[in-house]
Amino acid sequence: MLALAFAPMGEGDLDWVGAREAELHAHPWSRGNFADSLASGYDAWILSCDGVPSGYAVVMNVLDEAHLLDIGIVGELQGRGLGKRFLDWLAEGAKTRGARDFYLEVRPSNAAALRLYARSGFVEIGRRRGYYPAAGGREDAIVMRRAL
């Protein structure tokens, strides 16, 4: 089993995170989006496996809610359970900080993410019409919640 470590994302991580984000998403966050998240005080994390940066996540905490804004696992490590372990760790951290619920939005076309979120205890609670940019228009977002 891979040895996992979690560290706060810092300014020095932004180039790496931005590059991974561009590899993983058709409509990626910019480096500036991640810098803004750090400046806003959001929880931003780097996941390392056996000492190698392997994933990242950004969580916004508001009162008794946590919102997963972005998460990514490097392509060659996907499918090994790291996303679920990362989500579970993020959920436990949110709960420790007083969150009662953990929310996220996901594209209906992202079948792998939908499976991951379902395995991690998230359930669909609604839809946001035309939320995401998509080739030729907009794509809905499925809103999901996990009770903590």
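What the sequence shown shows, in full-length UniProt numbering, is residues 1 to 148, in sequence order. The beta carbon of each residue, even a glycine, is placed where N, CA and C say it ideally should be. In this text, all values refer to a predicted model and were calculated from it rather than measured experimentally.
By how many angstroms is the C-alpha of residue j removed from the C-alpha of residue i?
i    : j    : result
L24  : L63  : 31 Å
D101 : L82  : 22 Å
R127 : N110 : 14 Å
E76  : L47  : 14 Å
F6   : G93  : 11 Å
A3   : D50  : 5 Å
A118 : Q78  : 16 Å
Y132 : G18  : 19 Å
L90  : I125 : 20 Å
V59  : M144 : 14 Å
G10  : R107 : 28 Å
Ignore the nearest five residues each way along the sequence and tell me which others in residue i's own chain have a CB closer than 7 Å to its CB.
i   : result
W29 : E21, D70
K84 : L116, R119, S120
State the CB to CB distance for the pair residue i and residue j, rounded to an integer number of angstroms; the pair is presumed to be in contact (CB under 8 Å).
i    : j    : result
A113 : L148 : Not confirmed; about 20 Å, so no contact.
Which runs of the alpha helix (DSSP H) fall wholly inside the UniProt domain "N-acetyltransferase" (4-148) and span at least 4 residues, in chain order? With a minimum length of 4 residues, the continuous alpha helix (DSSP H) runs that stay inside the UniProt domain "N-acetyltransferase" (4-148) are 14-24, 31-39, 82-96, 111-119.
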